[in-house]
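Visitor: First, the structure itself, so that you have it in front of you.
Residue numbers (our numbering), protein chains in the order written: chain F, 7 to 496; chain H, 7 to 496.
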């Protein structure tokens, strides 16, 4: 849109309008917007000196910390595309993503240097860059909303990760709609304890900057530290996955009752009506959300007032998200009937990077077919019945059975395998596998689990393996996952 | 933007996501978003039956009330352009605007029927329309942000009113930036007591709907009623001009201290540092803003925290408003130096309707030259020194001297005239005129004022007239307005 031309990168804007306002808290360290802006200008000069240029794809192998936040803003100012990598992936998984995303460089810190060393891409250690005298040239840059901000990998039923292309427009409309649903106040402080390489974490970085509000960043979710921070840092909003909420409820209920806390946003996995009811009975300001990487995070959110009315629902679609529930051929279903959830609007990704087939399958005439099952009730509230048919969500991380099954089948002792998620009070779901042995080969479950460990991120590894004679299948050969689950109930 | 296509009109969205939420309070009457939506659907059907079609310009001769609010939403849904008229204009002034804006119809109510009857345009009395059975067909319509929402007349130094074309995008970016500066909470209630035919009033209608929050509408500013409402309706934000603030401070200080009130937004005219300091000393949540019709209201706003730091400043530009202060040839001036304020960004109007010359003079490469004088200080805070050189702002209404002078000169007893604004504790400024008599004609000041009354809205009529032998002029014949003011000081 031509009339958006004078917009500058969001950090530069805040450095101009709210230079002294608190932007970031990380442990005992604090940054104002002016300080963060100085850091981004410096990093722009440093990365330019290191050969990073506009339009390049740059992988981030970074733990939660100020370097990650600065890298996001720096790449935006440079016009380079951020490709955050999941730190829990194996070297083989990381290698595939860096190659597939055509990354020209990889940013890391001392802690992630060993993992980075395995990857065949130019390495840039953010903690070892010499100061640059050119920072002054990087005070701000015009921002085109239609530019790609980043590529975030998500897996799929195919078992192959796909890189969702998210534009600044996607993030802008997502942040704006979130503000209109949950509210925003100049004094807000949003606590982020989920990985910034996930869309939900990164959205907090971009959103807080756009709003001119502060982010309270944690290196990871550690219940005691988060609880302490809720009070000490006067946090007003926090994003958590159900597992985190569960732990906070168990041991740190008091901290969730901190007077400033006006919103506990729970997403990333299904929130059980039971957990929702517990929170509501305790008077906690619970907000339940349904979102996905391909729609730049939140799609539907029940604000605290609404969540109270209907525990278990994720509320109405956000301002810019048009949601439909459709049958197998794409026709809308009446209220109450379960079908596939679709999303359209300006928060929907531009597509998957270099995967035209997957893009065409997922994006049809601009409408995102999520693969998730749910229904809209008579009020228009969304209920998510099941994430992408076979998707397992364990502690907020997505596990795609196809990917784990493919690894299991690589082992000579395995003829076939079916991976499912079982309900788990702490993790939401835990990964288990039913395996058909290859004729003449014997293997103990621990041996098979060890085999996986070398090839899969820890959260994807089956917690339990059962040998079966055959997998329950439909006539057409599709695995009956519900029956697989039954095998583990006994 | 193609990815915005699935956006629906904002009222339809709120009726879908917040049907039971309070949308409008007017006296003892209340409307939820669902009720307002029903009203708009009904009015869509009624206006269609009355011949209104997409793309038409439709004048509104309406007092503040539910009909005005419904008309704004209805015309948006119909894809017709709203042309709100200032109720204080004379029949001749109204006639000119209705003709100039090519209005195909005019909406009025019983109270404004007599004024409407004077205008040669199809009349539609909103209180006399038969119910339509076709409302069901008007539940919602796609909204293209780049469509013109309305034309709001503003005058100029030429003395000829000009119709600023405002798009939905203008309003959307304005509302979003306002939310990020002042905050928005799901329970917000914004009190509107200024006329809805002004951009500042209409912006509250559109903004509240976009946010899904409530508007508490008053028929006019009546201090006691507003004060009562601040408490009784649990108002959280209120928009006022300095004159209104002055009156509330004088007689209803308690109401300004109502516990829910988190923002008193003062705009429309310069807020004296004195009045600002009084509010701050009283601990009131004052926010000072500078805005104009051509930029869809707010351009810069000092939120309560910031207003406290610098009484008299209007703070930093909003997110989407790039502000420059330039010299006579358009070059930017250093901090602290006074020059013309310019604005660029997506809130800037598309142009003046059918006035290519005025548009070219005001909009240069998309940058709006406001004619207002001010400076940016070293922190980037904006200070407005003087509205559009000769503009007089009296009780929140803009008075353009050229327009009043043209009327005075029509009288045979007047050879020449200069109109200026004098400081006024209650009204901000009051209109006065220095008049050079025509040879051989004698007239008393009251007679000349009566002459104006038939031709000018009440607030434009000089409160005082002085006969002078000659007007103080520059060598090039330009009136020295500062010296004219001196004539009245004695």
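Glycine included, every Cβ here is placed at the ideal spot set by N, Cα and C.
Check whether the region 129–148 of chain H and the region 390–406 of chain H touch, using three or more Cβ-Cβ pairs below 8 Å as the test.
Guide: In this structure the region 129–148 of chain H does not touch the region 390–406 of chain H; the number of beta carbon pairs closer than 8 Å is below three.
Visitor: So, with DSSP's three-state summary, where would you put residue 309 (chain F)?
Guide: coil
Visitor: Distance cutoff 8 Å, beta carbons only. Does residue 318 (chain H) sit that close to anything in chain F?
Guide: Residue contact with chain F for residue 318 (chain H): absent (no Cβ-Cβ distance below 8 Å to any residue of chain F).
Visitor: So residue 220 (chain F) contacts chain H; which residues on that side make the cut at Cβ distance below 8 Å?
Guide: Those within 8 Å of residue 220 (chain F) in chain H number zero; the least Cβ separation is about 14 Å.
Visitor: To which residues does DSSP link residue 245 (chain F) through a beta bridge?
Guide: F:198, F:271
Visitor: Using a Cβ cut-off of 8 Å (strictly closer), state whether residue 156 (chain F) contacts chain H.
Guide: no
Visitor: Pick out the complete beta strand (DSSP E) segments inside the region 381–405 of chain F, 3 residues or longer, and give them in chain order.
Guide: Within the region 381–405 of chain F, the runs of beta strand (DSSP E) at least 3 residues long that lie entirely inside it are, in chain order, 388–392, 398–400, 403–405.
Visitor: Sorted by chain position, which residues of the same chain lie with C-beta nearer than 7 Å to residue 455 (chain H)'s C-beta, five sequence neighbours on each side aside?
Guide: 467, 468, 471
Visitor: Starting from residue 302 (chain H), find everything on chain F with Cβ-Cβ shorter than 8 Å and list it in chain order.
Guide: Within chain F, no residue comes near residue 302 (chain H); the closest Cβ sits about 12 Å away, beyond 8 Å.
Visitor: Comparing the C-beta of residue 47 (chain H) with each C-beta of chain F, is any distance below 8 Å?
Guide: no
Visitor: Fully enclosed by the region 49–100 of chain H, which beta strand (DSSP E) runs are 3 residues long or longer?
Guide: 63–67, 87–90
Visitor: Indicate the three-state DSSP secondary structure (helix, strand or coil) for residue 144 (chain F) in the structure shown.
Guide: helix
Visitor: Taking the C-alpha atoms as reference points, what is the distance between residue 185 (chain F) and residue 191 (chain H)?
Guide: 8 Å
Visitor: Would you kindly report the start and end of the unbroken beta strand (DSSP E) that includes residue 470 (chain H)?
Guide: That run of the beta strand (DSSP E) goes 470–473.
Visitor: For the candidate residues H:43, H:20, H:129, H:166, whose alpha-carbon lies nearest to that of residue 56 (chain H)?
Guide: H:129
Visitor: Does any C-beta atom of chain H lie closer than 8 Å to the C-beta of residue 185 (chain F)?
Guide: Residue 185 (chain F) counts as touching chain H.
Visitor: Would you please state the rounded distance, in angstroms, between the beta carbons of residue 286 (chain H) and residue 245 (chain H)? I believe it to be under 8 Å.
Guide: With a Cβ gap of about 19 Å, residue 286 (chain H) and residue 245 (chain H) do not count as contacting.
Visitor: Could you spell out where the beta strand (DSSP E) holding residue 296 (chain H) opens and where it closes?
Guide: Where residue 296 (chain H) is concerned, the enclosing beta strand (DSSP E) stretches over 292–298.
Visitor: Going by the beta-carbon positions, is the gap between residue 182 (chain H) and residue 219 (chain F) smaller than 8 Å?
Guide: No, the Cβ-Cβ distance between residue 182 (chain H) and residue 219 (chain F) is not below 8 Å.
Visitor: Any beta-carbon of chain F closer than 8 Å to the one on residue 322 (chain H)?
Guide: For residue 322 (chain H), the answer is yes, since a Cβ of chain F falls inside 8 Å of its Cβ.
Visitor: Can you name, in chain order, every residue of its own chain whose Cβ lies under 8 Å from the Cβ of residue 278 (chain F), other than the five neighbours on each side?
Guide: Taken in chain order, the residues that qualify are 248, 318.
Visitor: Chain F partners of residue 311 (chain H), CB-CB under 7 Å?
Guide: Under the 7 Å cutoff, chain F gives 192.
Visitor: Along chain F, which residues have their Cβ under 9 Å away from the Cβ of residue 295 (chain H)?
Guide: Within chain F, no residue comes near residue 295 (chain H); the closest Cβ sits about 14 Å away, beyond 9 Å.
Visitor: Here's a check: name, in chain order, each residue in its chain whose Cβ is nearer than 8 Å to the Cβ of residue 490 (chain H), leaving out the five neighbours to either side.
Guide: Scanning its chain for C-beta atoms nearer than 8 Å, with the 5 sequence neighbours on each side dropped, one finds around residue 490 (chain H) the residues 424, 426, 440, 477, 478, in chain order.
Visitor: Let me see if you follow: with CB-CB separation under 8 Å, is residue 149 (chain H) close to chain A or not?
Guide: As a matter of chain content, chain A is missing from the structure shown, whose protein chains are F and H.
Visitor: Under a Cβ-count criterion, where at least 16 other Cβ atoms within 10 Å of its own Cβ denotes burial, should residue 450 (chain F) be classed as buried or exposed?
Guide: Exposed.
Visitor: When you compare only the Cα positions, how much space is there between residue 461 (chain F) and residue 378 (chain F)?
Guide: For residue 461 (chain F) and residue 378 (chain F), the distance between alpha carbons rounds to 27 Å.
Visitor: Would you report the Cα separation of residue 359 (chain H) and residue 124 (chain H), rounded to the nearest angstrom?
Guide: Taking the straight line from one Cα to the other gives about 23 Å.
Visitor: Does the region 63–74 of chain F come close enough to the region 96–112 of chain F that 3 or more CB-CB pairs lie under 8 Å?
Guide: yes
Visitor: Determine the contact status of residue 376 (chain F) and residue 403 (chain F), defining contact as a CB-CB distance below 8 Å.
Guide: no
Visitor: Can the beta-carbon of residue 300 (chain H) be found closer than 8 Å to that of residue 374 (chain H)?
Guide: yes
Visitor: Put residue 303 (chain F) into one of helix, strand or coil per three-state DSSP.
Guide: Here residue 303 (chain F) sits in strand by DSSP.
Visitor: Taking just the CA atoms, how far does residue 382 (chain F) sit from residue 371 (chain F)?
Guide: 22 Å
Visitor: What is the residue span of the beta strand (DSSP E) that residue 443 (chain F) lies within?
Guide: 434–443
Visitor: Counting pairs of Cβ atoms below 8 Å between the region 37–49 of chain H and the region 168–181 of chain H, do you hit three or more?
Guide: no
Visitor: Excluding five sequence neighbours on each side, which residues of the same chain lie with their C-beta closer than 7 Å to the C-beta of residue 380 (chain H)?
Guide: 331, 344, 347, 388, 389, 390, 391
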